[in-house]
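The numbering of the sequence shown is this note's numbering, which starts it at 1140 and goes up by one. Positions of the beta carbon are idealized from the N, C-alpha and C atoms, including for glycine. Computed from a predicted model, the values in this text were never measured in an experiment. Reading through the structure tokens given below for one structure.
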Amino acid sequence: MKKIFLPISIFSAFIIMGCSGENSSSNETVSENITIEDTTANSNAESEETDANTGATQVMPPVSFNGVIIMPPKMSSTLTLTMGGSIHEISVFEGDYVKSGEIIASLKNPDFILLQQEFLTANAQTEFLEKEFKRQEKLVSEEAASEKKFEQSKAEYLSMKSQLEASKAKLTLLDVDTDKLLKNGIKTYLEVKAPISGYVTNMNVNLGTYVGEGESVCKIINKSEIMLLLTAYEKDLAHLNIGDNLTFTVNGIKDTTFNAEITSIDQTVNTENRSINVYAKVKETNKLFRPGMYVNAQLNKNM
1140 MKKIFLPISI
1150 FSAFIIMGCS
1160 GENSSSNETV
1170 SENITIEDTT
1180 ANSNAESEET
1190 DANTGATQVM
1200 PPVSFNGVII
1210 MPPKMSSTLT
1220 LTMGGSIHEI
1230 SVFEGDYVKS
1240 GEIIASLKNP
1250 DFILLQQEFL
1260 TANAQTEFLE
1270 KEFKRQEKLV
1280 SEEAASEKKF
1290 EQSKAEYLSM
1300 KSQLEASKAK
1310 LTLLDVDTDK
1320 LLKNGIKTYL
1330 EVKAPISGYV
1340 TNMNVNLGTY
1350 VGEGESVCKI
1360 INKSEIMLLL
1370 TAYEKDLAHL
1380 NIGDNLTFTV
1390 NGIKDTTFNA
1400 EITSIDQTVN
1410 TENRSINVYA
1420 KVKETNKLFR
1430 PGMYVNAQLN
1440 KNM
């Protein structure tokens, strides 16, 4: 029995050693694989951290806004009347392009005729009183007239001169050229002129309509400078700065992307929907642009 048991024990020992060697080798392999995987993970983590610190390859979802095309206040004018009256003639139609100073309409009002008459009368009297004042001034210097008469003529002249200036100012507000009035005489109808060059819109009158003082006749927009009114929210504020560039698309203008630059960010928050108005100047011009058209814009920090 002992002769048989010894070889078996030795053989078993070899088997156990062999298995132990395989397990050891396997463990080393697994350990090596784990080490490689951990190193790769650490390497990626460091790369991402480095990129986050430098900002070189940091990828952020684009900040998007909805909004509309608007006109800057200086590029839009509401034509209101300084003096009321009935529309006598209309020279333009909605959509027409007009130049600054071009006649939009004319109206009739008897008070306009009286205002011109007052100016012409004041002008004539001022000329007469000025001559009398200068004559009295000369006589006083020569001691040929009394000081009292001179002072009286001076007061009458200055009083009438102020009336003339007031009358002239009223006519100037009505876009009446007083030099032409002196040359050509009284005009029957008051001409309503375009204050800026642009396109006529929102025409509110027709022939015979009475338009009161301060009421609107039409609106004129100059599309040489267009802006966007965008809606942002509190979460977007950290990404927004004046001077940032945007790309945007316009409903109704397919397959075209336009560019704009943020020029102003409102300092108040709408308490109802927590929104903030953002204004951007459009860099291109396009004949299809219309105030009120919907746009979708994206912030582009890399432009």
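Item: Terminal residues of the alpha helix (DSSP H) in which residue 1239 lies; Value: Careful: residue 1239 lies outside any alpha helix (DSSP H) and carries neither H nor E.
Item: Spatially closest choice to residue 1244 from 1260, 1329 and 1362, by CA coordinates; Value: 1329
Item: Three-state secondary structure assigned by DSSP to residue 1262; Value: helix
Item: Beta carbon of residue 1384 nearer than 9 Å to that of residue 1206; Value: no
Item: Test item: CB-CB of residue 1214 and residue 1361 under 9 Å; Value: yes
Item: For residue 1203: DSSP bridge partner residues; Value: 1437
Item: Own chain residues within Cβ distance below 6 Å of residue 1312, not counting five before or after; Value: 1221
Item: Beta strand (DSSP E) runs contained entirely in the segment 1291-1371, provided each spans 3 or more residues; Value: 1329-1332, 1337-1340 and 1355-1360
Item: Whether residue 1321 touches residue 1299 by CB criterion (9 Å); Value: no
Item: C-alpha gap between residue 1230 and residue 1331, whole angstroms; Value: 10 Å
Item: Three-state class that DSSP yields for residue 1215 in the structure shown; Value: strand
Item: Short Cβ contact (9 Å threshold) for residue 1261 with residue 1306; Value: yes
Item: Spatial neighbours of residue 1431 in its chain, beta-carbon cut-off 7 Å, leaving aside the 5 residues before and after; Value: 1207 and 1208
Item: Cross-strand partners of residue 1388 (DSSP beta bridge); Value: 1435
Item: Sheet register partners of residue 1280 (DSSP bridge); Value: None, per the DSSP bridge assignment.
Item: Residues near residue 1141 in its chain [Cβ-Cβ closer than 8 Å; skip 5 each side]; Value: Because residue 1141 sits at a pLDDT of 44, beneath the cut-off of 50, its placement in the model cannot be relied upon, and the following sentence gives the value as read from the coordinates. No residues qualify anywhere along the chain.
Item: Classification of residue 1333 by the beta-carbon crowding that lies within 10 angstroms, buried from 16 upward; Value: buried
Item: Simplified DSSP state of residue 1411, which is helix, strand or coil; Value: coil
Item: Under the three-state DSSP convention, the category residue 1394 falls into; Value: strand
Item: Where residue 1253 falls: helix, strand or coil (DSSP); Value: helix
Item: Backbone CA spacing between residue 1302 and residue 1296 [nearest angstrom]; Value: 10 Å
Item: Contacting residues, own chain, Cβ-Cβ under 6 Å from residue 1164 (five flanking each side not counted); Value: Confidence at residue 1164 is low in this model, with a pLDDT of 45, below 50, so the placement of that residue should be treated as unreliable; the coordinate-derived value is given next. Correct list: empty, nothing qualifies.
Item: Proximity below 9 Å, CB of residue 1339 to CB of residue 1226; Value: no
Item: Other residues of its chain near residue 1314: CB distance less than 6 Å, five sequence neighbours each side excluded; Value: 1332
Item: Residues bridged to residue 1416 (per DSSP); Value: 1370
Item: Beta-carbon gap between residue 1237 and residue 1336 smaller than 9 Å; Value: yes
Item: Selection from 1288, 1363, 1387 and 1425 that minimises the alpha carbon distance to residue 1397; Value: 1387
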